[in-house]
Amino acid sequence: QYASNGIDIQNFNYTERNLSGRKIKILIEGDSKDHYKKVDESFKVVEQLDFDKYEISYLSYRSKPKDWYHVDYFYNKIAPEKVGEIYANHDILIKSSLLESFSYPPLEMMATGGVPVVVPNDGNAEYIVDKENCLTYPSGNIRKAVELIEQLTENVALFQKISIGGRKTAESYTWDKKEEA
Numbered sequence: 028q029y030a031s032n033g034i035d036i037q038n039f040n041y042t043e044r045n046l047s048g049r050k051i052k053i054l055i056e057g058d059s060k061d062h063y064k065k066v067d068e069s070f071k072v073v074e075q076l077d078f079d080k081y082e083i084s085y086l087s088y089r090s091k092p093k094d095w096y097h098v099d100y101f102y103n104k105i106a107p108e109k110v111g112e113i114y115a116n117h118d119i120l121i122k123s124s125l126l127e128s129f130s131y132p133p134l135e136m137m138a139t140g141g142v143p144v145v146v147p148n149d150g151n152a153e154y155i156v157d158k159e160n161c162l163t164y165p166s167g168n169i170r171k172a173v174e175l176i177e178q179l180t181e182n183v184a185l186f187q188k189i190s191i192g193g194r195k196t197a198e199s200y201t202w203d204k205k206e207e208a
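For the record, in the sequence shown the residue sitting at position 105 is 132 according to my numbering, with numbers rising by one throughout.
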């Protein structure tokens, strides 16, 4: 027997998003020094967005933003119990990693009701379902990632559908559900 990956969902409160009449809040998470995290790619995506419509935040535990990153808010060395608040305060997570063991950030964003826009990898393959709990794009396809983000912000029904699907996915990964198995 083994204990599979799980999430303490109580640290990630679900927050229904109302996207109208304000900037859409995008979060990028990862260490910019780790090339396989592809944080640079996530920032190349946001470079293509209209900064009058979007607010960009960066969460990193070890590194600082590179000079060319557009960052409105930077979160560094955040206590684990505060991470859920950051996710709940954002609408979309961009996660471009190619290599992860078990990728918690998309699942954590799902738990709060936000929508992950991700590159599929071995670390998220277990739980991501394109157009049901996230939107996926092929690594390196900046144009596709931009299109998906704009689609989410223009199609409230799509955002809500994926938000609800994501929360259900996160709930299926709670520790109490894992303990029952």
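Each residue gets a CB set at the ideal place from its N, CA and C atoms; glycine is no exception.
A distance below 8 angstroms between beta-carbons, with the five flanking residues on each side excluded, links I113 to the following residues of its chain, in chain order: L54, S84, L86, Y102 and I105.
Beta-bridge partners of F101 (DSSP): Y85. Secondary structure at L120: strand, using DSSP grouped into helix, strand and coil.
Counting the other CB atoms within 10 Å of its CB gives R49 a total below 16, which places it among the exposed residues. For the 8 angstroms CB-CB criterion, V144 and L120 form a contact. In the three-state scheme derived from DSSP, where H, G and I count as helix and E and B as strand, I51 is classed as strand.
By the criterion of at least three beta-carbon pairs nearer than 8 angstroms, the stretch 147 to 163 is not in contact with the stretch 69 to 76.
According to the DSSP secondary-structure assignment, P92 is paired through a beta bridge with no residue.
Distance between G193 and D149, taken at the CA atoms: about 18 angstroms.
Contact annotation, N40 with A115: C-beta distance approximately 6 angstroms; criterion of less than 8 angstroms satisfied. In the DSSP assignment, the residues bridged to E56 are L86. With contacts defined as CB atoms closer than 8 angstroms, Y164 and V146 qualify as a contacting pair.
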